[in-house]
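The structure appears right after this line, and notes come after that.
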Amino acid sequence: MNCRRRVAAIGALALALTSGHASAKGTGLVFVSNEKSSTITVLDANHHVIDNFPSCARPRGMVFTPDRMRFLVGCADDSVIAIYDVATRKLVGRIRDVPRPETFALHPDGRHLYVSNEEDAEVTVYDIETGEQVAAFQTGEEPEGVLATPDGKLVFATSEAANIVHVIDVASQKVIKDILVATRPRRFALTPDGKELWVSAELAGAVEIIDVASLSVTGEISFRPKGFRREEVTPVDLRISRDGKRAYVALGRANHVAVLDVPSRQIVDYILVGHRPWGLGLSSDEKTLYVANGLSDDITIVDTENLKVVTSVPVGQVPYGFLIDDQ
Amino acid sequence: MTSRPAYRRNRIAPIWVVAMALALVLLALFCAHAAYAQQNLAIAYISRTDDPYYEPHRGYTGLQLIDRHPALDGAKLAIRDSQITGRALGMTFTLSERALEANEDPATVVSQLRQSGVAQIFILDLPQRELLAVADAAKGGDILLFNPRDDDPLLRGKECRPDLFHTISSLDMRMDALAQFVRQRAWDRVLVLEGPLPEDHALSSAFQGSAHKFGLKVVEVRPFVPGNDPRQRELSNIALLTAEANYQLVFVADSAGDFARYIPYQTHEPRPVIGSEGLIAEGWHWTFERYGAPQLNQRFAKLTGRRMQEEDWAGWAAVKAVVQAATQTRSTDAKALKAALLSPEFQFDGYKGTAVTFRAWNRQLRQPILLHTYDAVIAVAPLEGFLHETNTLDTLGLDRPESGCPG
């Protein structure tokens, strides 16, 4: 469609990108997108809800601009990527006519946003400085997780329905490989050495490990917390710590987060959280893990040193994911 | 070339040697190309023109209460969904349609299509007698058949066929789902209202079987007759039909649907209604909002301009199953695909939460059943608390011991 290539809201965008740098530690605020109530809940560092403001419709993926003064929110039901000011939490810009965005990754160049367009079987690329769509890649149905490698060379995207991880070569702007993986691949995490790409396979109840050098699946980790059947274990979001030692995987219907030792790929613990945890967030000191429980409308906050739940906090309807302003 | 004396005599090779060498090179090139060429997996959709099953059921004053659509649209969507999977596999997936004329015999046509290499995999949108005739003629061959329409439990029991896979849920699966719902809430005393058609009786019997299976009490089965004849008032007046009985719930079996729609709010007691009205059990619903279902519903609506129904899902699931089997085997051969469908590793995402698989004993697709009203999915069976030794999905429909399918 031609409209997709339309340039939109350039003026607002220019405004959105003209600010200086945030303080070194940020505001300490935690933002939670709630996809069913179309709100964004804001918590302070002490886990108190200080705001819950209406957003664009069905907000899901969120990312900071490189200066961390603004954040972008993908709103599928408005086909918009909205831009909010971190300090004032006011809408300061929109990238319009983004077909049903789910989530996205900002390329290390700080400018190109790779967006999964859930209903159009496409990954589209937007220049966040101009709001213009600059590229589109055909994917399998229901593209979801997007990850750009820190060296900026590759972008990965899952297709939930086609059971594929697509590999986009940034330099040539081509899909260079379709890697077949287990059923319903959702999200990614990359080991800090850049060698292993972990991808959750929701209906296989597993995380598959892709060797980035050869772009092939080389391993699989299955989860089975006590008392759950295989079909009740549906992993979605995952995080790997900066030292490359620990991983967290949200297990969906199994209502637990799995904690793993990355080098040995062994499961260390299962932490009981709320109902159907999907989204995860990790504070910059990696001492606090935030878990979005999609079907209990709350988040669970976990102390990662003793792996105990600190508290649960009610947020909006169907919390999706986090942004933490603590850097 | 070596310069052995025997060859030195013919300094210039005769033309036929050159030609043969050239042919060999071309052949080698062609073979190498063929090895890397795309494999095509062809599926044929067989239906009947003017099939009475799809005739509009006109109600009084132009109402159309039953709106059936062939499973073809769902199959088309799945083919479209699979193109990128094909790109990754080096395969293409194609769907052809063949609508039989009145004078054509389905078994003959399917056999011809198979022998001429058009397809080995068939989705059969046919009346039961013809469905069985095709399956009987095909027995044991390189053929794979799917039933996306007929919900008769007989096809999963005594009348099962070795090459015939069912992606549509069976009547007993759906009635078991309703019975689980009623049992879970302990609304155990059920009044059954049964219409005059053979289909109404089948529906009522299936529900009574499920009621027995899950320990519900059917307090009475009362026949109804639509109409205004004062001599038949006790058969057509809903207040009278639902009076003088001690029940918590009404189950209505009305396959035509013209009577059932008047039962809610006209019962003698304030009681909920299930079955053909009120809470309805089906394999799919357009309002389902979990497990990725909205994406499938939206894709379907975009392609067809209408809401996705159970038969559409069954057509979609048949193609999806074939594509998954081809992904596992990297084969397009019907026998290999059939074996893959029944292998323990086989599963695919049916957008109903749990991965779906085929029952080895009768080739029915195990699947969750949605319990819905007009515009909301209220529950998804199997419901919590209904356990099974191997797979909770097997609490719905014919389990291995009672299937009666000889294999």
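Chains as they are written, first to last, in our numbering: chain A, 14 to 340; chain B, 112 to 518. Just so it is clear, CB atoms sit at the ideal spot from N, CA and C, and this is done for glycine as well.
Give a yes or no on whether 8 Å exceeds the smallest Cβ distance from residue i to chain A.
i, result
"residue 299 of chain B", "no"
"residue 459 of chain B", "yes"
"residue 465 of chain B", "yes"
"residue 123 of chain B", "Note that residue 123 of chain B has pLDDT 49, beneath the 50 cutoff, so the model's placement of it is unreliable and no number is given."
"residue 311 of chain B", "no"
"residue 147 of chain B", "Because residue 147 of chain B sits at a pLDDT of 48, beneath the cut-off of 50, its placement in the model cannot be relied upon, and the following sentence gives the value as read from the coordinates. With 8 Å as the cut-off, residue 147 of chain B does not count as an interface residue toward chain A."
"residue 507 of chain B", "no"
"residue 403 of chain B", "yes"
"residue 198 of chain B", "yes"
"residue 142 of chain B", "The pLDDT assigned to residue 142 of chain B is 44, lower than 50, so where the model puts this residue is not dependable, and the model offers no usable value."
"residue 418 of chain B", "no"
"residue 480 of chain B", "no"
"residue 195 of chain B", "yes"
"residue 192 of chain B", "yes"
"residue 438 of chain B", "yes"
"residue 334 of chain B", "no"
Which word fits residue i, buried or exposed, when buried means at least 16 other C-beta atoms lie within 10 angstroms of its C-beta?
i, result
"residue 335 of chain A", "buried"
"residue 258 of chain B", "buried"
"residue 97 of chain A", "buried"
"residue 341 of chain B", "exposed"
"residue 500 of chain B", "exposed"
"residue 277 of chain B", "buried"
"residue 323 of chain A", "exposed"
"residue 269 of chain B", "exposed"
"residue 309 of chain B", "exposed"
"residue 147 of chain B", "Residue placement at residue 147 of chain B is flagged as unreliable, the pLDDT there being 48, under the threshold of 50; the coordinate-derived value follows with that caveat. Per the 10 Å Cβ criterion, exposed."
"residue 321 of chain A", "exposed"
"residue 336 of chain B", "exposed"
"residue 57 of chain A", "exposed"
"residue 61 of chain A", "exposed"
"residue 479 of chain B", "buried"
Is the CB of residue i under 8 Å away from at least one CB in chain B?
i, result
"residue 210 of chain A", "no"
"residue 155 of chain A", "yes"
"residue 216 of chain A", "yes"
"residue 146 of chain A", "no"
"residue 234 of chain A", "no"
"residue 172 of chain A", "yes"
"residue 330 of chain A", "no"
"residue 67 of chain A", "no"
"residue 324 of chain A", "no"
Can you check which of these residues, the options, is closest to residue i by C-alpha distance?
i, options, result
"residue 305 of chain B", "B:368, B:341, B:363, B:327", "B:363"
"residue 270 of chain A", "A:306, A:324, A:244", "A:306"
"residue 252 of chain A", "A:231, A:296, A:168", "A:296"
"residue 373 of chain B", "B:366, B:380, B:388", "B:388"
"residue 149 of chain A", "A:134, A:311, A:225", "A:134"
"residue 73 of chain A", "A:179, A:82, A:330", "A:330"
"residue 333 of chain A", "A:77, A:106, A:115", "A:115"
"residue 155 of chain B", "B:430, B:498, B:481, B:496", "B:430"
"residue 413 of chain B", "A:119, A:132, A:189, A:280", "A:132"
"residue 370 of chain B", "B:334, B:357, B:402", "B:334"
"residue 81 of chain A", "A:71, A:254, A:99, A:188", "A:99"
"residue 109 of chain B", "B:239, B:267, B:249", "Because chain B in this structure spans residues 112 to 518, residue 109 of chain B falls outside the shown range and cannot be described."
"residue 313 of chain A", "A:327, A:154, A:217", "A:327"
"residue 293 of chain A", "A:318, A:280, A:319, A:254", "A:254"
"residue 458 of chain B", "B:476, B:472, B:427", "B:476"
"residue 195 of chain A", "A:202, A:230, A:163", "A:230"
Locate the alpha helix (DSSP H) running through residue i, then write down its first and last residues.
i, result
"residue 60 of chain A", "No alpha helix (DSSP H) holds residue 60 of chain A; DSSP gives it neither H nor E."
"residue 185 of chain A", "Unbroken run through residue 185 of chain A: none, as it is neither H nor E."
"residue 290 of chain B", "282–296"
Could you give the first and the last residue of the continuous beta strand (DSSP E) run that contains residue i?
i, result
"residue 499 of chain B", "Here residue 499 of chain B belongs to no beta strand (DSSP E), and DSSP marks it neither H nor E."
"residue 85 of chain A", "83–88"
"residue 466 of chain B", "466–469"
"residue 217 of chain B", "Counting along the chain, residue 217 of chain B falls outside any beta strand (DSSP E), though it belongs to the alpha helix (DSSP H) covering 217–226."
"residue 321 of chain A", "321–327"
"residue 150 of chain B", "150–159"
Below 7 Å, is the gap between the Cβ of residue i and the nearest heavy atom of the ligand ADP?
i, result
"residue 150 of chain A", "In the structure on display, the ligand ADP does not appear, and there are no ligands present to speak of."
Self-check item: the region 185–200 of chain A: positions lying closer than 7 Å to chain E by Cβ
Solution: The question asks about chain E, but that chain is absent: this structure's protein chains are A and B.
Exercise. Run through the region 309–353 of chain B for me and flag every whole beta strand (DSSP E) of 3 or more residues, listed as ranges in chain order.
Key: 328–334
Practice problem: Taking only runs that begin and end inside the region 434–510 of chain B, name each unbroken beta strand (DSSP E) of 3 or more residues, in chain order. | Solution: 466–469, 480–483, 488–492
Quiz item: In the region 348–413 of chain B, which residue ranges form an unbroken beta strand (DSSP E) of at least 3 residues, counting only runs that do not cross its ends?
Solution: 360–364, 384–386, 391–393
Quiz prompt | Inside the region 233–284 of chain A only - alpha helix (DSSP H) runs reaching at least 4 residues | solution = none
Practice problem: Note down, one range per segment and in chain order, each beta strand (DSSP E) of at least 3 residues found wholly within the region 171–242 of chain B. | Solution: 175–177, 202–211, 232–235
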